[in-house]
Structures are given as C-alpha cells and as structure tokens.
Amino acid sequence: MTSTHPRKRPQRRSEIPCGPQQETGLQQIRDAPPPAPAPCTVDPAPRPADEEVPPELLALVTHHCRRLNAYLARAQHLQTLHGDSMKQ
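Position one of the sequence shown corresponds to residue 757 (the working numbering), numbered consecutively onward.
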C-alpha cells in the first residue's frame, strides 16, 4: 500500500561524483604499468656424487604421502556422502 504523505526527509542524492573514480584509477594503472623485475636464475647447488639419499628417508616420505592421499580421498568420499550434514 502506497502512502499519500510526502516523506519527512527527501532522499539526498548528489549528481556530483565524490571520492575516487574507479575508471580513472584503472586508466592510470593501464597508462603507467610498473617496471617488470629483472629475470634472475640461479644454478642448482651441486650435490656430491658420493652422498646419496638414505633409503630410510625415501621410505618415510613415501609412507607420509600415502597416508595423506588416503586421508584426502576419505575426506572427499565423506563429502560426497554427507555433504549437507557436514556443512551444518
């Protein structure tokens, strides 16, 4: 139902834009791009040929990778089964 009474406070809208204008700021960024950093490459550190990675370390990393993958697969599976209840 629409009221016939005028508003007590008329809305104040200025036709003059105030504050930073987005289009002007974007155009300034496009006009003056920052300088690109100089490319730099570093040679890999040489590993002594007589020092190999211990097999225990490789086994430990493999074990942790398998455990993490199993955990993530289970979490994804539970999400598909109980997606709505997990959000609550």
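Virtual Cβ for every residue (Gly too), placed ideally from N, Cα, C.
Original post:
Asp787: which of Gln832, Glu779, Ala801 sits nearest, CA to CA?
Top reply: Glu779
**OP:** From the DSSP output, in three-state form, read off Ala815 for me.
**Re:** helix
Original post:
According to DSSP, is Asp799 helix, strand or coil?
Top reply: coil
**OP:** Helix, strand or coil for Ala829, going by three-state DSSP, please let me know.
**Re:** helix
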